[in-house]
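Trainee:
Protein chains: 2
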Amino acid sequence: MVARTNSRTVDRKAAKADAGPALSREAVIDRALDVADREGLAAVSIRRIAQDFDVTPMALYWHVKNKDELLAAMGDRVIDAVDVPDLPGPGGLGRLRPLLQRLVGMLARHPGSTELVQYRILQCPRGQLLAEQALTVLAEAGFDQQRRAELARAALQSAVMLVVGAPGAEVSVPEPDRQALRESKRAALAALPADRFPQLVQCAGAMFECDDPEAYYADGIDLFLAGVATLAGRLGTS
Amino acid sequence: MVARTNSRTVDRKAAKADAGPALSREAVIDRALDVADREGLAAVSIRRIAQDFDVTPMALYWHVKNKDELLAAMGDRVIDAVDVPDLPGPGGLGRLRPLLQRLVGMLARHPGSTELVQYRILQCPRGQLLAEQALTVLAEAGFDQQRRAELARAALQSAVMLVVGAPGAEVSVPEPDRQALRESKRAALAALPADRFPQLVQCAGAMFECDDPEAYYADGIDLFLAGVATLAGRLGTS
DNA sequence: ACCTGAACACCGTTCAAGT
DNA sequence: ACCTGAACACCGTTCAAGT
């Protein structure tokens, strides 16, 4: 309370304390993830993040090579936060389910950065583990190398798709207008001529809202697993 | 060849002829689609397109409300170019296949703009027709309203996913470096410890290259249809 | 109706310089 | 090691003005 040696320095430090933790690579990535989830990925800029830390834009370049590398690091961070359990011994295609559930669960916690995951998942440790396990399950189900790779990719992409394409997502739009945008889209469908578009008119509501995300994700995973199971069943016959 | 009234005007027109067709909303959208497909969506900017037309950036604002509207129009253009056939009378889930084939086929011709389609498909006529038909088929297969909507969305999104997520896609990266980037990704997987990542090492090649896109798309559509068929089969039993 | 000029508030990034 | 200042080449967009 008393020993202020230099008011200027103290003020600076106080301001920084208000603005959050000290600048560091980790802190920058964390902040970027936060901004992406709350305001959309488009809101993430070097200058904006710098401002949040009360620092010059060029200061970030010490901790991060450039914006592309920051985006990649954001994707990596999300993937590496997935808790991938050990693959249970021998077993069926059902072993894919927990993998997808955990991946989707984590992505849903970072909708703003989910699209980044798509390009990074095979380049970072946790994603590689995930892919290795999926490939193993698919191999044991009898899929050849080509099919195995295709289906493993499809699995990871389905997870990404479920989250970015969820009925209420539209992560690019900041929260405030999101509801309104959704409603206007719904109204446009509901206003279609009912004789030519009976289904769309009837399903207008269900197309844009998702009152139970958990059920939606579970259904999406079911759909993927059902497809893989059916393809596996055809392996002998064709 | 003779009656030049004003050399300045003639030169201007000649220069414009070199730069392409006259400025118009249609021409702007066409040009933007072209740039997106060749250099990635990030290369599409108001100023860049204006430059291609040898015109001031502000000139574009006469033909297009703003950049967002331009992007939306690009998506609409791609969707409305899909040739949607009439839905054949009563029949099974197999009727979804031609719908998906035509959609995927068109998207594959515009990989740079495919991600735009995701947000516009339910707002433009051809996309609405596509959705209506998909919903009809799903309804006739016995899916309730909620499931119908989910699966129709999944169908459209799977098409988008197949194209943007195709092994060699990476549409954001301009052609030149694309091959190199793919190769470096492959090498990274191939260099993994073979005892912990046997599958990934083995499938490294198949994960990043796609020597037969047609087969890849067909497999993706098969996977989706197999999933839907299986879910339909479960409808009575659960 | 259609386009330009000037201006504003944003970007990412480099490079030399400070501490 | 870590940060700043100045500068550059880009963005989207508005507004008044030209033809």
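Note that the protein sequences, when read in sequence, are chains V and R.
The letter at position 201 of the first sequence is residue 200 when you use numbering that gives the first Met the number 0, and the numbering goes up by one with no holes.
The letter at position 165 of the second sequence is residue 164 when you use numbering that gives the first Met the number 0, and the numbering goes up by one with no holes.
Heads up, the beta-carbon is just placed ideally off N, CA and C, and yes, glycines get one too.
Compute the distance between the beta-carbons of A158(R) and V103(R), then report whether it is under 9 Å.
Mentor: The answer is yes: Cβ separation under 9 Å.
Trainee: Have a look at P110(R) and P124(R) and give me their C-alpha separation to the nearest angstrom.
Mentor: Cα to Cα, the separation comes out at about 21 Å.
Trainee: Using a beta-carbon distance cut-off of less than 9 Å, what residues from the stretch 63 to 85 of chain V approach chain R?
Mentor: If the cut-off is 9 Å between Cβ atoms, the stretch 63 to 85 of chain V has nothing near chain R.
Trainee: By alpha-carbon positions, which one of E131(V), D211(V) and V200(V) ends up nearest to V200(R)?
Mentor: Here the closest residue by C-alpha is E131(V).
Trainee: R141(R) versus chain V: which residues are under 7 Å apart at the beta carbon?
Mentor: Inspection of the sequence shows that residue 141(R) is occupied by Gly rather than by Arg. Ordered by position in chain V, no residue passes the 7 Å Cβ test against G141(R), which lies about 14 Å from the chain.
Trainee: Could you have a look at S23(R) and say whether DSSP puts it in helix, strand or coil?
Mentor: Coil.
Trainee: Given D79(V), which residues of its chain have a CB within under 7 Å of its CB, disregarding the five upstream and five downstream residues?
Mentor: The answer, listed in chain order, is C123, P124 and R125.
Trainee: Please determine, among L70(V), L137(V), I28(V) and I45(V), the residue with the shortest C-alpha to C-alpha distance to P89(V).
Mentor: When only C-alpha atoms are compared, the closest one is L137(V).
Trainee: Would you say R37(V) and A72(V) are within 9 Å of each other, going by their C-beta atoms?
Mentor: No. Outside cutoff.
Trainee: Can you list, in chain order, the residues of its chain with a C-beta nearer than 8 Å to that of A168(R)? Leave out the 5 residues immediately preceding and following it.
Mentor: The answer, listed in chain order, is P110 and V162.
Trainee: Could you work out which residues of chain V lie near C202(R), taking near to mean beta carbons separated by less than 8 Å?
Mentor: Near C202(R) (Cβ distances below 8 Å), the residues of chain V are L134, Q144, R147, A148 and A151.
Trainee: Can you list, in chain order, the residues of its chain whose CB lies under 8 Å from that of V1(R), leaving out five sequence neighbours each side?
Mentor: With a pLDDT of 33 at V1(R), under the threshold of 50, the modelled position of this residue cannot be trusted; read the value that follows with caution. None.
Trainee: Within 10 angstroms of the Cβ of L234(V), are there 16 or more other Cβ atoms? Answer buried if so, exposed if not.
Mentor: L234(V) should be labelled exposed.
Trainee: Hey, is the stretch 197 to 216 of chain V in contact with the stretch 176 to 185 of chain V, meaning 3+ C-beta pairs nearer than 8 Å?
Mentor: The stretch 197 to 216 of chain V is in contact with the stretch 176 to 185 of chain V.
Trainee: Restricting to Cα atoms, I'd like to know which of R108(V), G164(V) and G39(V) is closest to D176(V).
Mentor: Minimum Cα distance to D176(V) is reached at G39(V).
Trainee: If you measure between the beta carbons of G91(V) and R119(V), is that distance less than 9 Å?
Mentor: Cβ distance not < 9 Å, so G91(V) and R119(V) don't count as in contact.
Trainee: Could you tell me whether the Cβ atoms of L69(R) and V77(R) are closer together than 9 Å?
Mentor: No, Cβ-Cβ distance for L69(R) and V77(R) is not below 9 Å.
Trainee: Counting only runs that start and end within the stretch 186 to 215 of chain V, where is the alpha helix (DSSP H) found for 4 or more residues in a row?
Mentor: The qualifying runs are 197 to 207.
Trainee: Is it right to say N65(R) is buried, meaning 16 or more other beta carbons lie within 10 angstroms of its own, or is it exposed?
Mentor: The residue is exposed, with fewer than 16 neighbouring Cβ atoms inside 10 Å.
Trainee: Taking F142(R) and L150(R) to be in contact with their CB atoms under 8 Å, please state how far apart those CB atoms are, rounded to whole angstroms.
Mentor: Right, their Cβ atoms sit about 6 Å apart.
Trainee: On the three-state DSSP scale, how would you describe E68(R)?
Mentor: E68(R): helix per DSSP, three-state reduction.
Trainee: Using the Cβ count rule (16 or more neighbours within 10 Å means buried), how would you classify R195(V)?
Mentor: R195(V) comes out exposed.
Trainee: What are the boundary residues of the alpha helix (DSSP H) that S157(V) is part of?
Mentor: That run of the alpha helix (DSSP H) goes Q144 to V163.
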